[in-house]
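Student: When we follow my numbering, the leftmost residue of the sequence shown carries the number -12, and every step to the right adds one.
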Amino acid sequence: MRIWGLERGRLKEKQIKLEEAAGLERELVRTKISRCRQQGYPYTIALTGAGGKTTAMLQLAKELSEDGWKTAVITSTHIFVPETGLVFITEKEEDRAPLEDEREYMRLEQICREAEERKIYVTAGGQGPAEQKDNKLSALSASFLEQLKRWADILLVEADGSRRLPLKVPAPWEPVIPEETSLVIGCAGLSSIGRQWKDVCFRQEYAKDFFAEELVTAEAIAGILTDSRGTKKSVGDREYVILLNQADSEEERKQGERILALTEGKCARGICTCFLPLEDRG
């Protein structure tokens, strides 16, 4: 993984972890967890937008859990079952026999205990819709979510769906950001630059006002990321970080630099990332 940030108007590579780039330094996180716990919930981070949300979220979960924080991952929409960490999947409440509840609570408790001992994260959710053939989790039912919240120091929430496209403009009912969220990380994929926006942007019916031309530009992405109708929707006065994924080539990094310059001052911080293996990077 490679990470860049903006310094004096230029993109500069950082030799730091993603958690640090997002402003989640250890002592600061300790303070934030303590404040949230006083209110009765974990420090909650929601990821919205498109273009690598899940990859970024799981990387953050890995780093935070390795630091010793009890870290949980959930979705308010749907998410692919990760190949790392520990996973808790439960049947939908209406499909679960009442006598199974206590057994399921104990199973979640055991998974959390093992994750804490091994310093890895827990991903928890319900079984995805039966009509979906892919391996996805749905939102966790309320009773299990409360149990998870009591255990976790940090809760990471994938709060938006994008059908694996690099850009997203939300519908009126999106994103689904939990009320207790402290930090929102808005994501966009740089692979969309120079392509037809109708080919790379999810929820086209709500996106047309953001595009002055057929091809995606840095200016259009900056507009989506900072507009209350776009990725910044429902953020309110929460801390907001912009994360540009897919900075895989020199040209994409140049465009990322332009976007971060345009969004500077409209977010707490902005970063670019590349998750490609070394041999595939440009």
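Glycine is no exception: its CB is placed at the ideal position from the N, C-alpha and C atoms.
From Q2 to L15, what distance separates their C-alpha atoms?
Tutor: Near 19 Å, if we compare the C-alpha coordinates of L15 and Q2.
Student: Over what stretch of residues does the alpha helix (DSSP H) that includes Q134 continue unbroken?
Tutor: Residues 129 to 138.
Student: Can you tell me whether N232 is buried or exposed? The criterion is at least 16 other CB atoms within 10 Å of its CB, across all chains shown.
Tutor: Under this definition N232 is a buried residue.
Student: Below 7 Å between beta carbons: does that hold for E53 and E6?
Tutor: No.
Student: So which of I20, L212, L124, Y227 has the shortest CA-CA distance to G299?
Tutor: This structure gives no information on residue 299, because the portion of the chain shown stretches from -12 to 269.
Student: Mark V68 as exposed unless 16 or more other C-beta atoms lie within 10 angstroms of its C-beta, in which case mark it buried.
Tutor: Result: exposed.
Student: For V187, collect the residues of the same chain with a Cβ closer than 6 Å to its Cβ; drop the 5 residues on either side in sequence, then sort them by chain order.
Tutor: Taken in chain order, the residues that qualify are L152, P153, L154, S179.
Student: Can you name, in chain order, every residue of its own chain whose Cβ lies under 6 Å from the Cβ of A205, other than the five neighbours on each side?
Tutor: These residues qualify, in order along the chain: Q242, R245, I246.
Student: Please go through the region 165 to 253 and give each complete alpha helix (DSSP H) segment of 4 or more residues, from N-terminal end onward.
Tutor: If we require 4 residues or more, the alpha helix (DSSP H) runs fully inside the region 165 to 253 come out as 184 to 187, 191 to 194, 205 to 213, 237 to 250.
Student: Could you tell me which of Y92, D147, I98, W56 sits nearest to A129, measuring between CA atoms?
Tutor: Per the Cα distances, Y92.
Student: Quick one: Cα of A26 to Cα of I172, how far?
Tutor: Ala is not the amino acid found at residue 26; the sequence shown has Gln there. Their Cα atoms are separated by approximately 22 Å.
Student: Residues in the same chain with beta-carbon distance under 7 Å from M44, minus the five sequence neighbours each way, listed in chain order, please.
Tutor: Excluding positions up to five away in sequence, the list reads L34, V60, L143, E145.
Student: So, for G217: in the same chain, excluding its five sequence neighbours on each side, which residues have a beta-carbon less than 6 Å away from its beta-carbon?
Tutor: For G217, where only same-chain residues beyond five positions count, the Cβ hits under 6 Å are V156, I211.
Student: When burial is assigned at 16 or more other CB atoms within 10 Å of the CB, is G269 buried or exposed?
Tutor: Note that G269 scores a pLDDT of 48, beneath 50, so its modelled location is shaky; the value from the coordinates is reported in the next line. That one is exposed.
Student: Where do the ends of the beta strand (DSSP E) carrying V16 lie?
Tutor: No beta strand (DSSP E) contains V16, which is instead part of the alpha helix (DSSP H) from 13 to 25.
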